[in-house]
């Protein structure tokens, strides 16, 4: 058990490092310079010397390997850097958005659990025996649907076609409805499959 936990922990650390490295490489490969985009605006009236000083202050003029090591070490110490666009530390952005993220995750999980229970229950009702195969195939369908496509489809249906949920200036809870559904659908699929498998085992 201890070996298994250590193996899983090591795999988790490896995945985090790979995700960090991939994100860093992609940001460097993409065209554009965040510091230049922010401070090269003629309305700011900054001279090339001042812009160069700003790039130096943000460490943007350092070699890539130095930027990578500095960012990695800082992240390990809980320092996620400074957002050039927002003008505040990244940790403040994460903290300010954490309550909304937790609310979305909790509501999405609750809806996913409810949806999985409903699917598993309906598939076993004698009155719906003719629809059993269809209901049992829905979890596999939910898994295969890309999340981004589902989100776009929900916006198209509920915001543009039915006009039930406004796209511009929705209330806090209106703005959560479609994201909650988008999060819940793929999560409900494995939960429904587990419930269906458990029901089959109990029935036999």
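Numbering (this note's numbering), first residue to last: 177 to 380. Yeah, the Cβ is synthetic: ideal placement off N, Cα and C, and Gly gets one too.
- Spatial neighbours of residue 288 in its own chain (CB-CB distance under 7 Å, excluding positions within 5 residues in sequence) are listed in chain order as 360, 363, 364 and 367.
- Excluding the 5 residues flanking it on each side, residue 265 has same chain C-beta neighbours closer than 6 Å at 258, in chain order.
- In terms of Cβ geometry, residue 352 and residue 280 form a close pair [threshold 8 Å].
- Taking a C-beta distance under 8 Å as the contact criterion, residue 341 and residue 334 qualify as a contact pair.
- Rounded to the nearest angstrom, the gap between the Cα atoms of residue 338 and residue 330 is 10 Å.
- Counting only the Cα atoms, residue 227 lies some 11 Å from residue 220.
- Non-local beta-carbon contacts of residue 292 in its own chain, meaning distances under 7 Å to residues more than five positions away in sequence, involve 364, 367, 368 and 371 in chain order.
- In this structure, the CA atom of residue 336 is about 35 Å from the CA atom of residue 263.
- The criterion of a C-beta distance shorter than 8 Å is not satisfied by residue 215 and residue 206.
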